[in-house]
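Asker:
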Amino acid sequence: MKKWHDQLISNKELRKGQRVLLYDSRLHIFPGKLKSRWIGPFIIHQVHLNGVVELLNSNGIDTFRVNGHRLKPFIEPFKPEKEEINLLEPQKA
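Each residue of the sequence shown is one higher than the one before, counting from 507 in our numbering.
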């Protein structure tokens, strides 16, 4: 059973310069409205071999370290390109 479950888990490949979201693991006693616990996006500054990832702060100067398990890749919102098609009136014969 564990083998089957483990093959469904995809490995995260984190690279320098990639944008990621950080899981907010603070204890919320009275959360109020439901809200996402993923904050960011942050930019990866450096990836260490032991799983620690350095992220650039929002000001782009300071860095901080987090466990790689708390990150997920940030997917850019899809912006469809607008395509215009000019339709001509049918000609009467």
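A virtual CB, placed ideally from N, CA and C, is assigned to each residue, including glycine.
Please read these numbers as outputs of a predicted model, since none were measured by experiment.
Check the C-beta distance from His554 over to Lys522 and give it rounded, since I have them as a contact under 8 Å.
Answerer: Actually they are not in contact, since the Cβ atoms of His554 and Lys522 sit about 11 Å apart, beyond 8 Å.
Asker: Evaluate the contact criterion for the region 542-549 versus the region 558-570: three or more CB pairs, one atom per stretch, below 8 Å.
Answerer: Touching, per the Cβ criterion.
Asker: Among Lys598, Phe580, Leu593 and Ile567, whose alpha-carbon lies nearest the alpha-carbon of Arg525?
Answerer: The shortest Cα separation from Arg525 among Lys598, Phe580, Leu593 and Ile567 belongs to Phe580.
Asker: Quick check: the Cα distance between Glu519 and Lys585, rounded to an integer number of angstroms?
Answerer: Rounded to whole angstroms, Glu519 to Lys585 spans 25 Å at the Cα level.
Asker: I need the straight-line Cα distance from Leu577 to Arg571, nearest angstrom please.
Answerer: About 11 Å.
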